[in-house]
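Have a look at the structure below before the remarks.
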Amino acid sequence: GGGAKDASHGRWDSFFEALGEVGPDRRLELTPLGHTVRLVLVLVVFVLLFEAAQHFVLGQRSLLFGSSGNFGFAGGVGVGGFGGDGRLREELMRQRMASSYAAG
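Quick note on the working numbering: the sequence shown kicks off at -19 and runs consecutively.
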């Protein structure tokens, strides 16, 4: 009994061992894969916190998630990929027009 549970436990153990190990001084020593996983997790947390701050503190709609809640890049820039309604593209066009009026 419990063979499947032991096998899945072994997979998790080998995965965590590939990320790093605790050294003799009781400090975690990460492998290059461990550093990469840590970097990705930090970036994900940073983006989520930035989006939450933008939404709750500044009261702005998100450029990444838009009003639909879908991640905007999936739509592609050609169809208004940021949030699906083309706000970023419109803002860039406004800035380009304003700078052309200022220059000429």
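Note that beta-carbon positions come from the ideal geometry of N, C-alpha and C, so glycine has one too.
Within the chosen definition, does the region 11 to 26 reach the region -6 to 2 through at least 3 CB pairs nearer than 8 Å?
yes
Between which two residues does the alpha helix (DSSP H) carrying V37 extend?
In the sequence shown, residue 37 corresponds to position 57, counting from 1. Per DSSP, V37 belongs to no alpha helix (DSSP H) and is neither H nor E.
Boundaries (first-last residue) of the beta strand (DSSP E) holding G3
By one-based count along the sequence shown, residue 3 stands at place 23. G3 -> no beta strand (DSSP E), and no H or E assigned at all.
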